[in-house]
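Asker: So the protein lines, in turn, are chains A and B.
Reminder that position 124 of the first sequence reads as 266 in this note's numbering, one-by-one numbering, no gaps.
Reminder that position 31 of the second sequence reads as 170 in this note's numbering, one-by-one numbering, no gaps.
C-beta: ideal position from N, C-alpha, C; glycine also.
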Amino acid sequence: MRFEDAIVNRAFVLALLFPSALVARPADAETEKLSPAAQKIQWAQRAIEKNPNIFQRYNELAIALARRARETSDVSYYEQADAALQKSFLLMPGNIEGQKVQVWVLLGKHEFAKALKLASALNQRVPDDVSIYGFLVDANVEIGNYSEAEKAAQWMLDIRPGNVPGLTRAAYLRELFGDLEGAADLMRSAYQQVQATEVEDRAWMLTQLAHLRWTAGALDDAEGLLRQALELFPNYHYALGNLAKIYSAKGQEAKAIALLRQRYESAPHPENAYALAECLEKARRLVEAKRMYLEFEQKARRELKQADNANRELVFYYTDHSHQPAAALRIARLELAGRRDVYTLDAHAWALYANGRYADAQKQIEGALSVRIRDARLLYHAGAIALKLGNRSQARRYWKESLELNPRSEYSALVRNQLGKISPVVGLPPGAN
Amino acid sequence: MKRHYGIRALLLISSLLGSQAVFASNHREAPITALDQKADITDLYAFVSYGPSCAGGTPRVTLILCVDPFLEPANGPTWFPFDPDILYEIKIDNDRDALADITFKFRFTTEYQLPGVYTALAGIGDNGAFDPHTGQLVVPPQIRDFNNPGLNLRQTYTATVVRGGQERQLTNPDGSPFFAVPANAGPRTIDYAAVFDAGTYHLDDGISVFAGTVDDPFWIDLGAAFDTANFRTLASGVPGVLTAAEDDPSVLTTQNLTSDTVSGFAVNAIAIEVPIDQLTRTGRVEDPSSPDAVIGVWGTTSRPRVTVRRSPHPSHSSGDFRQVQRIGNPLINELLIGIGSKDRFSMDQPANDEQFAGFFLDPPIVHIVEALYGGALAVPPPPRTDLLPLVVYAPPICPGCQPSDSGPIADLLRLNTGIPATPIEMASRLGFIGGDVAGYPNGRRLYDDVVDITLRVGVGGVLHDPFPGFDPEVNGRLGDGVNRNDADYRTQFPYLADCPSGRNRRHIDPGEPGGGPIN
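This is the structure:
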């Protein structure tokens, strides 16, 4: 990071740490009782009670339910949204606003190919609709069609310069393309446009900013942003998970475990169990860790063939914890059949590595890194694969890059250990938080 | 990453769902340009130059791009500078592929001569006005040229030609900058005609350029047109249908039967006159029967954009330009393109217009007008292949074009440069359908009545094969009743009329003298 950018980032972080400066709280005590999405659900339901024959009301209810799914990580809201949409389409078959929400719900259920198909059709019908380009971005990103995602995101920025959904999507693409500072730049622009009453939106953006700072190794900045997010939207599951990572990196495992346990209790998904298990293991609470890993495996295997699954976590579980490389590769391939995004390519590469297929693994990891993503885990994996292929200098380069990016990442200890074996001395790179 | 779809980006804040858009005037046709007036293109003109200055020498083509609609000339103190952030371009396709072979680029720069003075334009008399106590000059002399300090907010501009990837900046023979002509604040402040002349530049290579605030050369009964085609009733007794006597085709007509809504308003115009042999693919003035005589013209405005990938200069988020708007034929985006596609149309390239072919071949507005007339007006059935010459290279604009020469469907203003200009006393405001082959849709002249022409061609179907119910006295007499501009055009480059005086401008409303009836 260049010095002046660090100053700008720091100033912004400091501004965020003083609520009076940027964060206005909802003035009305009544509105504080319900989240923004819950309020909208309530309003839509009351409107439907008054007049059940207006299709737009069902669309509004479906939107609110989809938003509530994000707020809570409770996927049952998507089913309720689907039910509301069915009623909307009964009243007005094929209405465009309803179909847009349908794409949203498909994305929420990880039905990415279906979502892409429907979004593409809607884009043909209404090429000026910015939100449809947003769906195209999301579906293409998840599938790994990054050039198509970039095209759609650019249309968003061009058609409505400065629009918040366009900025947040472009920010994510910049992150994937390795431009963490540029990503934060856009995310800050988006944040400054969001109304104070949209507390979950704001908390989400703060969490994203924290994630970007964390990825770049700025732990204190990230922690401050996450505390801000949790103040805005208490118990926010995204923020809890990210804050736990910070605590863990700082060696405060007990605090990290408490947060991850809190998240898992409110959102009992297998991937949340996996994160908790890993943290327990790191804290040497091995009995609890083993129990949690088992719980994770059972839950994850139940979802193995569902669109919404924890297959990538399952791959890493089999490669790194239970040492079942064949199972890991089988699941990686299963996942790869539906998407070729950088994270799935990484999981596949690591499964191939675990099976001793180093040349194939290198092809996969290089495919992921060709997007130019800067991610400590991917770089660690790339280095390990390179070493197995006898390329020590390439391994050293990947590992150094991983440490330079984030000297406190979950992989930093592993990387230092490996580097120590092939290099005499490795100091903490400058810029560590 | 399960259930993290939301983590990615889904921030569909309710206000952003279902963007509201208004079917606006021809000057603000697309939602995005309704929000960006400075980048809003009002009209594009392309015609073979005419008048006394064109005698002898290589014939030339005049290209005019008008932007920034409905400028009220009295609206100081800053009036209407061009936007330095906008890239204004006029593009030429000379080989029938709808891609730009020649591009004229214009960029503006603003400077202040008296930054402490409250107004952009100030002046009085030959010598100015002095402080009676100190004798110091307080008000500069009347503005008569670009060096007068009373032209407080002053704009220079660059004009660049891009051809074959090579850029060449156009310059005055003496190297002095091009100045944009300001608005006409009023007779005390500015000798507008003198400044206009000073701002018309004739360069060494036969090219002339002009940029400035001028009378809006367009005319229309806009209020009637966009009150859901609520045209006024004249002598025929049928709204929007003229009688033969009212339908004076002469461009010298003095007859306006209804209100010109644009009267008394100004617009910012960029004009360039170029010898034809610098525009054609062959570098020659071609015979009108040659496909190479025909060029496609379009204008664009573009702004710097935020790019998904940052520019090579990492401190900037912006990269190249995003096109805000384009124009080829008049009224295409306004009247044909669906409201959900107008921005995409504005921002896309003409070569990609195949995606809008459905709008060209079966314009929804035709069915709307048919319904409004309740059977009194027969309309042609789709597919409207009679409209294809507007969007492909084909006869009659390109009589030498074979089907293989048509190129892609693209909204370009097509001009056969081999067809000489019609002397003004013989010209028809109805252009091609008035028997004047030098007029719209063969290019577009300032005095072409594109509203009446579009109504008759688009809705009336006068170029369509005979169809049931066609009545030449109805379909062929459609018109809004505004037959000419409120101000007289110049007779030589840049042909544009003076910006109305801010002090004395007049907007001619319905019911007023010269404004026709209210109903």
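1. Counting pairs of beta carbons, one from the stretch 414 to 431 of chain B and one from the stretch 440 to 450 of chain B, are three or more of them closer than 8 Å?
2. For residue 210 of chain A, is the classification buried or exposed, using 16 other Cβ atoms within 10 angstroms of its Cβ as the cut-off for buried?
3. Could you check where the beta strand (DSSP E) with residue 662 of chain B kicks off and where it finishes?
4. In three-state terms, what does DSSP make of residue 571 of chain B?
5. Could you spell out where the alpha helix (DSSP H) holding residue 289 of chain A opens and where it closes?
6. If you drop the 5 nearest sequence neighbours on each side, which residues of the same chain put their C-beta closer than 7 Å to that of residue 207 of chain A?
7. Would you mind telling me which residues of chain B sit closer than 9 Å to residue 299 of chain A, beta carbon to beta carbon, in chain order?
8. Can we say the stretch 336 to 356 of chain B touches the stretch 373 to 390 of chain B, given the rule of at least three CB pairs closer than 8 Å?
9. If you count every other CB in all the chains shown that lies within 10 Å of the CB of residue 585 of chain B, and 16 or more means buried, which is it?
10. So what's residue 201 of chain B in DSSP terms, helix, strand or just coil?
11. What residues in the stretch 469 to 488 of chain B have a beta carbon less than 7 Å from any beta carbon of chain A?
12. Quick check: the Cα distance between residue 459 of chain B and residue 554 of chain B, rounded to an integer number of angstroms?
13. Quick check on residue 115 of chain B: does DSSP put it in helix, strand or coil?
14. Taking Cβ-Cβ distances shorter than 7 Å, what residues in chain B pair up with residue 188 of chain A?
15. Write down the C-beta distance between residue 222 of chain B and residue 177 of chain B rounded to the nearest angstrom, noting that I regard them as a contact closer than 8 Å.
16. To the nearest angstrom, report how far apart residue 302 of chain A and residue 319 of chain A are at their CA atoms.
17. With residue 481 of chain B as the anchor, note down where its alpha helix (DSSP H) starts and where it stops.
18. Give every residue of the same chain whose Cβ lies closer than 7 Å to the Cβ of residue 197 of chain B, excluding the five residues on either side of it in the sequence, and list them in chain order.
19. Do you know offhand how far residue 461 of chain B's Cα is from residue 425 of chain A's?
20. Identify whether residue 389 of chain B lies in helix, strand or coil by the three-state DSSP scheme.
21. Could you name each continuous beta strand (DSSP E) segment of 3 residues or more that falls completely within the stretch 277 to 315 of chain B, going from the start of the chain to the end?
22. Are the Cβ atoms of residue 558 of chain B and residue 531 of chain B separated by less than 8 Å?
23. Look at the alpha carbon of residue 311 of chain A and the alpha carbon of residue 276 of chain A, and state the distance between them as a whole number of angstroms.
24. Name the chain B residues that come within less than 8 Å of residue 488 of chain A, Cβ to Cβ?
25. With distance defined between alpha-carbon atoms, name the residue in B:515, B:449, B:402 nearest to residue 636 of chain B.
26. Could I get the ranges of all uninterrupted beta strand (DSSP E) runs contained in the stretch 396 to 451 of chain B, with 3 residues as the minimum, in chain order?
27. Determine, using beta carbons only, whether residue 404 of chain A comes closer than 8 Å to chain B.
28. Which whole-angstrom value describes the C-beta separation of residue 450 of chain A and residue 252 of chain A, a residue pair presumed to lie in contact below a C-beta threshold of 8 Å?
29. Just the chain B side, please: which residues come within less than 8 Å of residue 268 of chain A by C-beta, in chain order?
30. Measuring CB atoms only, is the stretch 520 to 539 of chain A touching the stretch 494 to 509 of chain A, in the sense that at least three cross pairs come out at less than 8 Å?
31. Let me check understanding here. Comparing Cα to Cα, which of B:469, B:385, B:478, B:599 lies closest to residue 655 of chain B?
32. Under the rule that 16 or more other beta-carbon atoms within 10 Å means buried, what is residue 269 of chain B, buried or exposed?
33. Considering Cα atoms alone, identify which of B:578, B:428, B:275 is closest to residue 539 of chain B.
34. State yes or no: is the beta carbon of residue 233 of chain A nearer than 8 Å to at least one beta carbon in chain B?
35. Nearest by alpha-carbon distance to residue 322 of chain B: which of B:295, B:308, B:290, B:275 is it?
36. Starting from the beta carbon of residue 316 of chain A, find every residue of chain B whose beta carbon is closer than 8 Å, and list them in chain order.
Answerer: Inspection of the coordinates gives the following:
1. no
2. Taking all protein chains shown into account, residue 210 of chain A has 16 or more neighbouring C-beta atoms within 10 Å of its C-beta and is therefore buried.
3. Nothing in the structure corresponds to residue 662 of chain B, since chain B is present only between 140 and 658.
4. helix
5. Taken as a continuous stretch (DSSP letters only), the alpha helix (DSSP H) holding residue 289 of chain A covers 288 to 301.
6. 183, 219, 222, 223, 226
7. 444, 445, 446, 447, 461
8. no
9. buried
10. Strand.
11. Taking 7 Å as the Cβ-Cβ cut-off against chain A, the residues of the stretch 469 to 488 of chain B that qualify are 479, 480, 481, 482, 483, 486.
12. 30 Å
13. The displayed coordinates of chain B run from 140 to 658. Any statement about residue 115 of chain B would go beyond what the structure contains.
14. Ordered by position in chain B, no residue passes the 7 Å Cβ test against residue 188 of chain A, which lies about 16 Å from the chain.
15. Indeed, because the Cβ distance is near 4 Å, the residues count as touching under 8 Å.
16. Per the coordinates, the alpha-carbon of residue 302 of chain A lies some 23 Å from the alpha-carbon of residue 319 of chain A.
17. 481 to 486
18. Answer for residue 197 of chain B: 345, 414, 415, 416, 424, listed in chain order.
19. Rounded to whole angstroms, residue 461 of chain B to residue 425 of chain A spans 52 Å at the Cα level.
20. strand
21. Within the stretch 277 to 315 of chain B, the complete beta strand (DSSP E) segments of 3 residues or longer fall at 292 to 302, 305 to 309, listed in chain order.
22. At the C-beta level, residue 558 of chain B and residue 531 of chain B stay beyond 8 Å of one another.
23. Residue 311 of chain A and residue 276 of chain A: Cα-Cα distance of roughly 7 Å.
24. Within chain B, no residue comes near residue 488 of chain A; the closest Cβ sits about 12 Å away, beyond 8 Å.
25. With distances taken between Cα atoms, residue 636 of chain B lies closest to B:402.
26. 405 to 414, 433 to 445
27. Not an interface residue.
28. 4 Å
29. Within chain B, the residues near residue 268 of chain A are 479, 480.
30. yes
31. B:385
32. exposed
33. B:428
34. Under the Cβ criterion of 8 Å, residue 233 of chain A is not counted among the residues facing chain B.
35. B:290
36. Listed along chain B, the residues sitting closer than 8 Å to residue 316 of chain A by beta-carbon distance are 447, 448, 449.
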